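Participant: In this note's numbering, the protein residues as written are 96 to 238.
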């Protein structure tokens, strides 16, 4: 007796012939072959509603940045910089230490001013890679 895999045998219920044409039609009706295939994923348009980056949560910012990255509006470095969590403490351009430990994914925060301040600090330090990345982030947030 030979045992065949169901995968390799295409002629169980699916073969159209006079013996099982009724079974095939019943199976086809149950599956609904006339149904329209669903979309695997959908990229929302980024040009319509731009959020207020001066009062947005970190999770909303990451979501918007992901849509923009998928649409090709921003590059991978900009997306990575936006996706990074905020540090527990940061320095503003005046040299004051800012406590950011209470900022969570759901907390509204002014990311536009934060990244502008970080760009100003990176420019004064003179780190060209960080300046280029933060400049692209600020350009994205100023749209």
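Glycine is no exception: its CB is placed at the ideal position from the N, C-alpha and C atoms.
It should be emphasised that the depicted structure is a prediction, and the values quoted were computed from it without experimental measurement.
(1) Spatial neighbours of residue 186 within its chain, please: CB distance less than 8 Å, with the 5 preceding and 5 following residues excluded, ordered by chain position.
(2) In the DSSP assignment, find the beta strand (DSSP E) that holds residue 194 and state where it starts and stops.
(3) Can you say whether residue 153 is buried or exposed, counting buried as having 16 or more other CB atoms within 10 angstroms of its CB?
(4) One question on the structure: do residue 209 and residue 229 come within less than 8 Å of each other, judged by their Cβ atoms?
(5) Does the CB of residue 225 have a neighbour CB from chain C at under 8 Å?
(6) Determine the direct distance from the alpha carbon of residue 214 to that of residue 236, and round the result to whole angstroms.
(7) At which residues does the alpha helix (DSSP H) containing residue 185 begin and terminate?
(8) What residues in its chain sit with their C-beta under 7 Å from that of residue 201, if we drop five residues either side in the sequence?
(9) Assuming residue 157 and residue 178 form a contact by the criterion Cβ under 8 Å, report the distance between their Cβ atoms to the nearest whole angstrom.
(10) Could you have a look at residue 154 and say whether DSSP puts it in helix, strand or coil?
(11) Write down the C-beta distance between residue 203 and residue 150 rounded to the nearest angstrom, noting that I regard them as a contact closer than 8 Å.
(12) Report the residue from 212, 181 and 169 whose alpha carbon sits nearest the alpha carbon of residue 190.
(13) Exposed or buried, what is residue 173 when buried is set at 16 or more other beta-carbons lying within 10 Å of its beta-carbon?
Facilitator: If we stick to the structure as given:
(1) If you number the chain shown from 1, residue 186 lands on position 91. The residues are 192, 193 and 216.
(2) Here the question's residue 194 lines up with position 99 in the chain shown. Its beta strand (DSSP E) spans residues 192-194.
(3) What you label residue 153 is simply residue 58 of the chain shown in a count that begins at 1. Buried: at least 16 other Cβ atoms inside 10 Å.
(4) Numbered from 1 along the chain shown, position 114 holds the residue referred to as residue 209. Numbered from 1 along the chain shown, position 134 holds the residue referred to as residue 229. No Cβ-Cβ contact shorter than 8 Å links residue 209 with residue 229.
(5) Here chain C cannot be found, since the structure has a single protein chain.
(6) Along the chain shown, read from residue 1 onward, the residue named residue 236 stands at position 141. Along the chain shown, read from residue 1 onward, the residue named residue 214 stands at position 119. Between residue 236 and residue 214, the C-alpha separation is close to 13 Å.
(7) As a first step, residue 185 must be located in the chain shown, where it is residue number 90. Taken as a continuous stretch (DSSP letters only), residue 185 belongs to no alpha helix (DSSP H), being part of the beta strand (DSSP E) at 184-186.
(8) Sequence index remark: in the chain shown, residue 201 carries index 106 (1-based). Result list for residue 201: 152 and 154, in chain order.
(9) For this step, residue 157 is matched to residue 62 along the chain shown. For this step, residue 178 is matched to residue 83 along the chain shown. Distance from residue 157 to residue 178 at the Cβ level is roughly 5 Å; contact confirmed, criterion being Cβ atoms closer than 8 Å.
(10) For the purposes of this step, residue 154 is identified with residue 59 of the chain shown, where counting begins at 1. Helix, per DSSP.
(11) Residue mapping note: residue 203 aligns to position 108 of the chain shown, counting from 1. Residue mapping note: residue 150 aligns to position 55 of the chain shown, counting from 1. Rounded, the Cβ-Cβ distance is 5 Å, consistent with contact.
(12) Within the chain shown, the letter at position 95 stands for residue 190. Selected option, being the one with the closest Cα: 212.
(13) For the purposes of this step, residue 173 is identified with residue 78 of the chain shown, where counting begins at 1. With 16 or more other Cβ atoms within 10 Å, it is buried.
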